[in-house]
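Asks: The structure is given below, and queries will be raised subsequently.
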Amino acid sequence: MSGDGSQPSDTMAKRSASPTAKHWLLLNANRWLITAVLMLFVFVGLLVVARVSPVSLRALMGTADPVETLFQALTTALITGVTLVVTINSLVLSQELGAVEDQRERLDGALEFRTDIEESIDAPISPPEPASFVQAIIAASEDRATDFREAVSESKDEELKERVDDFVDNVTTHADSIREDLEDADFGTYEVVKAALDYNYSWKIFRARRIKNSHADSFTDEAEAAYDDLLESLKLFGLAREHFKTLYFQWELINLSRAMMYVAVPALVVTMGMLLFFDANAVVGTYLGVDVLVWIVAAAATVAVAPFLLLVAFILRIATMAKRTLAIGPFILRDSSRGEEINWE
């Protein structure tokens, strides 16, 4: 009989084949910090190019006007780009709008889902706050896993008991870790979604189904009921995770739209100021071996592209999360640290 294969790591970062630094950059880092790092990269890059270029910027300005051309293009791109991003975000968020019948259907669906959760966690009412809500579902899966182990404890199938023990130990240990991560997490921050993504419920569903399929003849009615309850709690967690992931995407898009407004206005002032009031002939001297003219133009250009860099920082996280959670249920769409292959036949 085939085994379950090696257990994946308990965090998304460790399960990923990407280096830790790349994972931190794409998902965990503050988006404003990433924007600042990208701005620094652009600024230093422009200075380096100016330093190694065989033709100086001041010499180029004697035969052409690259600064005016650059900032004319940046001004146009700023207005067009920000308008386009805000419009796209508005279209994405427009699904929140609708007739009262549509809103009633959404409300009924949400209440029905909460009722299912309350039955699963054996509580009269489920927590209203997302972090506590996820904690309750994870705690329920932990309790159901313990019940499953007790249900098979009297079985004469020693291999079944050994596999269930190993499976339940992982579920309970992982659940405790995730619940600790959610203790002080507030929705709107990445921490709630990060903790939910770390709980690899799809692998747990796969292992539970493997155990059931391999030892179906050894399952009593009690074990069958405990298994069904465990599987139901894991499936409900999957639905909850997808729901909160969708809400987080909408939250981030709203934050992105607002942040773009904050950054675009100063950037527009800088680009228009460079077009209207900048005189290269009034700038003389060098600093650290680089013409002061280059320092001013590089700084202004960096501020001008800040909205685009901010967009890159936000989209990096959203796109990475979407790619890593495309499938719902026991599917593995990318390489992970699971280890050896599973003999599933």
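Residue numbering for the sequence shown follows the numbering used here, beginning at 513 and increasing consecutively. Where is the CB? At the ideal position from N, CA and C, for every residue including glycine. Source: prediction; values computed, not measured.
#1: Cβ atoms of S745 and S644: under 7 Å apart, would you say?
#2: Closest to A707 by C-alpha separation, out of E671, A810, E692, would be which residue?
#3: With a threshold of 7 Å on Cβ separation, who are the neighbours of I808 within its own chain once the five nearest residues in sequence on each side are excluded?
#4: Determine the direct distance from the alpha carbon of L805 to that of A811, and round the result to whole angstroms.
#5: Flag this pair as yes or no: are the beta carbons of I814 and V554 separated by less than 7 Å?
#6: Between the Cα of R722 and those of G750, D741, L768, L672, spot the shortest distance and give me the residue it belongs to.
#7: According to DSSP, what are the bridge partners of V567?
#8: Would the stretch 778-794 count as touching the stretch 570-590 if we require 3 or more Cβ pairs under 8 Å?
#9: Helix, strand or coil: which one does DSSP assign to T732?
#10: Classify D791 as helix, strand or coil using the three-state DSSP reduction.
#11: Would you list the one or two residues that DSSP bridges to D803?
#12: Once the 5 residues before and after I782 are set aside, which same chain residues still bring their CB inside 8 Å of it?
#13: If you run the structure through DSSP and keep just helix, strand and coil, what is H686?
#14: Count the other CB atoms, across all protein chains shown, that sit within 10 Å of the CB of E666; report buried if there are 16 or more and exposed otherwise.
#15: I need the boundaries of the alpha helix (DSSP H) containing L823, first residue and last residue.
#16: May I have the straight-line CA-CA distance separating M772 from V594, to the nearest angstrom?
#17: For K724 versus Y739, is the C-beta distance shorter than 7 Å?
#18: Closest by CA to N542, which one among A589, R829, G621, P639?
#19: If you run the structure through DSSP and keep just helix, strand and coil, what is E695?
#20: Express the C-alpha separation of A548 and E617 in angstroms, rounding to a whole number.
#21: Closer than 8 Å is the cut-off here; do at least three beta carbon pairs connect the stretch 671-691 with the stretch 623-643?
#22: Short check: CB of V676 to CB of V664, under 7 Å?
#23: Within the same chain, show all residues whose beta-carbon is closer than 6 Å to that of A589, passing over the 5 residues directly before and after it, in chain order.
#24: Is Y711 helix, strand or coil when you go by DSSP?
#25: So, with DSSP's three-state summary, where would you put E852?
#26: Output yes or no for whether 7 Å exceeds the beta carbon distance between I629 and S638.
#27: When burial is assigned at 16 or more other CB atoms within 10 Å of the CB, is R770 buried or exposed?
#28: Would you check if the distance between the CB atom of R656 and the CB atom of L742 is smaller than 7 Å?
#29: Specify, as a first and last residue, the run of the alpha helix (DSSP H) that A635 falls within.
#30: In whole angstroms, what separates the C-alpha of M551 from that of I766?
#31: Please state if the CB of K757 and the CB of V705 are separated by a distance shorter than 7 Å.
#32: Alpha carbon to alpha carbon, how far is L759 from L751?
#33: State buried or exposed for Q647, treating a residue as buried only when at least 16 other CB atoms are found within 10 Å of its CB.
#34: Mark N601 as exposed unless 16 or more other C-beta atoms lie within 10 angstroms of its C-beta, in which case mark it buried.
#35: Helix, strand or coil, according to DSSP, for E674 in the structure here?
#36: Take R626 and list the residues in its own chain whose beta-carbon comes closer than 7 Å to its own, dropping the five residues that flank it on each side.
Replies: Put simply:
#1: Contact: no.
#2: Closest in C-alpha terms to A707, from the list E671, A810, E692, comes E692.
#3: Cβ neighbours of I808 within its own chain (closer than 7 Å, five residues either side excluded): V795.
#4: Using only the alpha carbons, I get a separation of about 10 Å.
#5: Per the sequence shown, residue 814 should be read as Thr rather than Ile. Taking C-beta atoms as the reference points, T814 and V554 count as a pair closer than 7 Å.
#6: Ranking G750, D741, L768, L672 by Cα distance to R722 puts L672 first.
#7: According to DSSP, which records beta bridges pairwise, V567 is partnered with nothing at all.
#8: Touching, yes, given that three or more Cβ pairs across the two stretches are closer than 8 Å.
#9: Correct three-state label for T732: coil.
#10: D791 falls in the coil class under three-state DSSP.
#11: D803 pairs with T798.
#12: Contrary to the premise, residue 782 reads as Val rather than Ile in this sequence. Result list for V782: A812, V815, A816, in chain order.
#13: In this structure, DSSP gives H686 a helical state, which the three-state scheme calls helix.
#14: Exposed, since its Cβ has fewer than 16 Cβ neighbours within 10 Å.
#15: Per DSSP, the unbroken alpha helix (DSSP H) holding L823 starts and ends at 818-836.
#16: If I take the Cα positions, the gap works out to 7 Å.
#17: If you check the CB distance, K724 and Y739 come in under 7 Å.
#18: The option with the nearest alpha carbon to N542 is R829.
#19: Coil.
#20: Taking the straight line joining both Cα atoms gives about 43 Å.
#21: No: fewer than three Cβ pairs fall under 8 Å.
#22: Remark: C-beta atoms of V676 and V664 approach each other more closely than 7 Å.
#23: Cβ-Cβ distances below 6 Å link A589 to nothing in the same chain once the five nearest sequence neighbours on each side are left out.
#24: For Y711, the secondary structure class from DSSP, reduced to helix, strand or coil, is coil.
#25: A caution first: E852 carries a pLDDT of 41, below 50, which makes its placement in the model too unreliable to give a value.
#26: Yes; because the gap between Cβ atoms is below 7 Å, this pair is in contact.
#27: Under this definition R770 is an exposed residue.
#28: Their beta carbons are under 7 Å apart, which means R656 touches L742 by this criterion.
#29: First-last for A635: undefined, no H or E at that position.
#30: Distance between the alpha carbons of M551 and I766: 22 Å.
#31: Going by C-beta atoms, V705 is nearer than 7 Å to K757.
#32: Using only the alpha carbons, I get a separation of about 12 Å.
#33: Answer is buried; the Cβ neighbour count reaches 16.
#34: Here N601 is buried: its Cβ has 16 or more other Cβ atoms, across all protein chains shown, within 10 Å.
#35: DSSP places E674 in helix when its eight states are reduced to three.
#36: Taken in chain order, the residues that qualify are S638.
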